[in-house]
Amino acid sequence: MKSNRKFVSGDEAVALGVRLARPHIISAYPITPQTIVVERLADFVEDGSLKAEYMHVESEHSAMAAAMGVSSVGARAFTATSSQGLLHMAECVHYASGARFPIVMMNANRSIAVPWSIYGDQRDSLSMLDSGWIQVYVEDAQEALDMMIQAYKVAENPEVMTPFMVNLDGFVLTHTYEPIELPEQEMVDQFLPMYQTGNKMSMDEPKSLCFSTSPADNQEFKVMQHMAMEGSVDVIRQVDAEYGKVFGRSYHGLTESYRCDDADAVLMTLGSVTGTVRCVVDELREKGFKVGVFKIRFMRPFPKDEVMALGKAVSKLGVLEKNISFGNEGTVFTNVNSALMALDTKVQSKNYVGGLGGRDITKDHIRAIFMDLLNHDRFEERVEFIGMGCEINE
Amino acid sequence: MNNFNIRPKDLTDQEYFYGHKACAGCGATIAVRLALKVLGERTYSVLPANCMSAVSFIYPQMAFTTNAIISPFASTGAMLSGVAAGARALGIKDFQTVGFAGDGGTADIGFQALSGAIDRGDDIIYICYDNEAYMNTGIQKSGLTPYGTKTTTSPAGENLPGAVTQKKNMFEIVAAHGIAYAATASIGYPNDFLRKLNKAKEVRGPVFLHILASCPTGWGSKTELTVELAKEAVDSGLWYLAEYENDEFTLNKNPKEFIPVEEYLFKQGRFKHLKEKDINVIIEQRDKKWEKIRKSWL
Ligand SMILES: Cc1ncc(C[n+]2csc(CCOP(=O)(O)OP(=O)(O)O)c2C)c(N)n1
Ligand code: SF4
């Protein structure tokens with residue numbers, strides 16, 4: 001394979017990936033830290049390297065509504081957003097999955113106001129977990145680029161027909177420069193041909209879309225939507241494996257397990273923090289501590305099988321996440337525990353919440369988390385906030 | 395201006411909107427039927443949440459025989475743009491993209507998306523059928539509900555004495571965008587509406603048609619009076635027929651004398667409570683408006 005290396009930010013990698021996927025229309029509204037994606041795509045349309053229409057919409061709600069219009073006639077749509085933008089579009093996010101439009105969206109993970117913050121945590125996309133979108137969280141710019149291509153292939157699979165959200169940690173990924181490998185356009189074209197669908201308004205066969213149902217029918221549609229999402233598990237694995245064969249990079253399906261096999265304690269992660277945890281795992285392994293890291297790539301469909309397999313092999317699991325469902329615990333933690341419930345063996349699990357509003361999660365924090373996991377057989381606290389700057393006195 | 399391809403006597407038997415579940419005497423369905431007859435078979439319709447989408451997309455009975463889709467309430471304009479752009483990108487030729495939004499979907503929640511779509515200059519037709527309230531949710535006040543109207547959120551008692559605001563001036567607001575073509579119409583004057591639809595079909599760029607469509611259920615009027623009321627709204631000067639194009643306004647009908655507003659108002663339950671002083675306010679507002687219209691649009 002011809003090598004084509006580039007040094008780009010995560011946002012630029014997304015834009016390059018989108019260009020390779022050849023969407024017909026891009027409709028998006030700028031928001032930090034997603035903005036560079038839409039700027040680069042506009043540049044590509046301008047310089048002719050992307051034959052697409054750049055649609056200037058007046059809000060995120062309209063960005064998704066326009067994308068749905070594009071998809072409703074069978075054309076390929078792309079949009080990107082973040083944080084407040086994702087929430088502003090929320091009505092349309094649910095709508096798109098119910099309509100079974102295979103739209104692909106990039107989301108730059110950013111905290112939600114108030115307090116206002118442009119920095120990263122994952123409360124925006126995790127609060128949309130029930131919206132019926134496939135959700136992947138990538139670790140670096142290369143994975144971001146590769147996932148843009150895989151995303152369309154999965155979303156447009158006739159058995160899936162479900163929209164796909166690719167999440168990048170704000171700034172940590174969106175604005176960090178890394179070397180990436182750019183696939184050849186012809187190879188991508190072969191891997192991702194233009195999709196065919198019957199779920200569209202067509203002049204030959206006119207259709208009414210996005211209709212109403214009575215209680216006598218609604219549930220069946222929702223069950224079909226659920227089954228499509230469950231079925232996407234296999235498609236995600238297949239597409240990733242095929243991508244690996246063609247382009248030389250695969251991401252191990254829905255999760256990636258690192259040094260977990262004989263581990264006494266494993267920390268589960270989502271997104272860019274995985275890299276830091278992997279370093280700490282290597283350091284601790286050198287000192288003889290048996291620890292590992294388990295990267296959850298997909299939050300929907302949720303990798304139940306992989307989590308259960310891990311739960312069978314390891315007795316102590318930590319979940320590190322940049323999210324809190326106020327009054328309860330981190331959403332990733334809830335999902336992990338729900339999968340572990342099906343096991344006969346009892347796994348000790350603990351939730352470590354940090355990085356809110358972009359706060360750094362350091363190697364020291366992670367070392368402390370591993371020591372906490374290794375040194376306790378039972379956890380008094382279910383949720384611990386890490387990296388607190390000061391004490392909060394009630 | 396008379397070589398329009400479809401005149402009333404040329405209207406085909408072909409219906410693109412039937413089998414719907416609208417109330418008897420619904421004015422909005424007349425607007426949709428006529429529009430689709432003119433726009434024809436190769437039309438994509440976009441309807442936000444409103445009466446027309448509620449009565450025509452109930453699975454498995456679909457009332458549109460041409461392509462149609464329900465958009466989220468706030469996004470008629472955006473989805474219209476998306477459909478048109480998608481079809482263009484796929485090389486589909488000779489098609490129309492039309493929106494059918496109510497007064498609420500146009501003047502209130504969908505206002506931003508309408509403005510955006512006009513701003514983009516997309517080749518779309520946006521039809522606001524105006525029944526002067528949120529009817530689908532049970533007759534609540536919208537931004538186009540006229541002064542004095544009794545609705546379920548402006549119950550015309552002591553504290554909420556009916557709608558106290560005036561109708562937002564959508565036609566001129568839209569015209570201020572410098573839109574390719576905008577017009578007002580009434581289902582009481584179908585010839586005028588058809589002429590404007592024919593025009594809309596030919597115009598390249600965004601088109602806005604604002605058509606008054608009486609609603610027996612919301613207006614508290616007899617079903618057989620639907621068309622008559624929509625005509626009387628114009629004849630009493632409470633609605634006007636006009637066009638905007640090339641930076642110019644044109645008045646299409648200039649009644650020498652208005653019929654008494656009471657004749658129009660008191661056929662409707664929603665105005666039954668109005669006192670003389672309210673009628674005077676309505677007449678005063680009307681006259682002020684017409685003075686301006688006659689001065690600058692003739
Ligand atoms: C975001 C959102 N808010 C509220 C509603 C509820 N809703 C459905 S139709 C409607 C009123 C529509 O009124 P209008 O646009 O005037 O059309 P009409 O029903 O009179 O035909 C409302 C408020 C909704 N569907 N979506
Ligand atoms: S409530 Fe009015 S607008 Fe709605 S269907 Fe009935 S008559 Fe038509």
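Read top to bottom, the protein sequences are chains A and B. The opening position of the first sequence corresponds to residue 1 in the numbering used here, with each subsequent residue numbered one higher. The opening position of the second sequence corresponds to residue 395 in the numbering used here, with each subsequent residue numbered one higher. Ideal placement from N, C-alpha and C gives every residue a C-beta, glycine not left out.
- Residue burial annotation: A/R382 is exposed, with fewer than 16 other C-beta atoms found within 10 angstroms of its C-beta.
- B/F494 has a beta carbon lying at 8 Å or more from every beta carbon in chain A.
- Excluding sequence positions up to five before and after B/C522, its CB lies within less than 6 Å of the CB of A495, T500 and H604, all in the same chain and listed in chain order.
- Within the model, the alpha-carbon separation for A/K6 versus A/Y119 is close to 26 Å.
- Cβ contact annotation for B/S469 (same chain, cutoff 8 Å, sequence separation greater than five): P442, G504 and A507, in chain order.
- Approximately 27 Å separates the beta-carbon atoms of A/L129 and A/T345; this is outside 8 Å, ruling out the contact.
- Look at which beta carbons fall closer than 6 Å to any heavy atom of ligand 2; those residues are B/A416, B/C417, B/C420, B/A422, B/C445, B/V449, B/N525, B/M529, B/C609, B/P610, B/T611 and B/G612.
- The beta carbon of A/L86 sits closer than 8 Å to those of E60, V93, N107, D124, S125 and M128, all from its chain and outside the five residues before and after it, given in chain order.
- Within the same chain, and ignoring the five residues on either side of B/K671 in sequence, no residue has its Cβ closer than 6 Å to its Cβ.
- Membership of B/Y412 in any alpha helix (DSSP H) is not indicated, and neither H nor E is assigned to it by DSSP.
- A/M148 is positioned such that its CB atom lies closer than 8 Å to that of A/V18.
- In the DSSP assignment, A/R278 falls within the alpha helix (DSSP H) that extends over V273 to E286.
- Fully contained in the region 317-378 of chain A are the following beta strand (DSSP E) runs of length 3 or more, in chain order: 348-353.
- Counting the other Cβ atoms within 10 Å of the Cβ of A/A144 gives 16 or more, which makes it buried.
- The DSSP-derived three-state label of B/G493 is strand.
- For the region 475-489 of chain B, the beta-carbon criterion of a distance under 8 Å to any beta-carbon of chain A is satisfied by S475, G476, V477, A478, A479, G480, A481, R482, A483, L484, I486 and F489.
- Bridge pairing for A/V293: A/Y258 and A/L267 [DSSP].
- Comparing alpha-carbon positions, the option among A/I31, A/S49 and A/L50 lying closest to A/V57 turns out to be A/I31.
- Taking 7 Å as the cut-off, one finds at least one heavy atom of ligand 1 near enough to the beta carbon of B/F467.
- Restricting attention to A/S27, A/K222, A/F221 and A/V291, the CA atom closest to the CA of B/G480 is found in A/S27.
- Not one heavy atom of ligand 1 is found less than 7 Å from the C-beta of A/S232.
- Of the heavy atoms belonging to ligand 1, none sits nearer than 7 Å to the Cβ of B/T546.
- Within the region 511-589 of chain B, complete alpha helix (DSSP H) segments of at least 4 residues are found at 564-569, given in chain order.
- Counting only Cβ-Cβ distances below 7 Å, B/P466 has contacts in chain A at A65, E91, C92 and Y95, in chain order.
- A/I392 has a beta carbon lying at 8 Å or more from every beta carbon in chain B.
- Cα atoms of A/S97 and A/H88: separation of roughly 16 Å, rounded to the nearest angstrom.
- Non-local beta-carbon contacts of A/L374 in its own chain, meaning distances under 8 Å to residues more than five positions away in sequence, involve D264, A265, F289, V291 and K316 in chain order.
- Within the region 259-270 of chain A, contact with chain B at the beta-carbon level (separation under 9 Å) is assigned to no residue.
- Look at A/T32 here: in three-state DSSP terms it is coil, with no helix or strand label.
- With respect to the C-alpha of A/A75, the residue from A/Y137, A/E156 and A/A63 having the closest C-alpha is A/E156.
- Within the DSSP secondary-structure output, A/L168 pairs in a beta bridge with A/A108.
- Below the 7 Å Cβ cutoff, chain B contributes A468 and S469 as neighbours of A/H61, in chain order.
- Taking the CA atoms as reference points, A/F247 sits about 21 Å from A/Y195.
- Close CB contacts of B/D517 within its chain, under the 8 Å cut and outside five residues either way in sequence, are with A478, T491, R598, G599 and P600 (chain order).
- Chain B places a beta carbon closer than 8 Å to that of A/E53, counting this residue as a contact.
- Here the region 620-633 of chain B lies against the region 576-588 of chain B, with 3 or more beta-carbon pairs under 8 Å apart.
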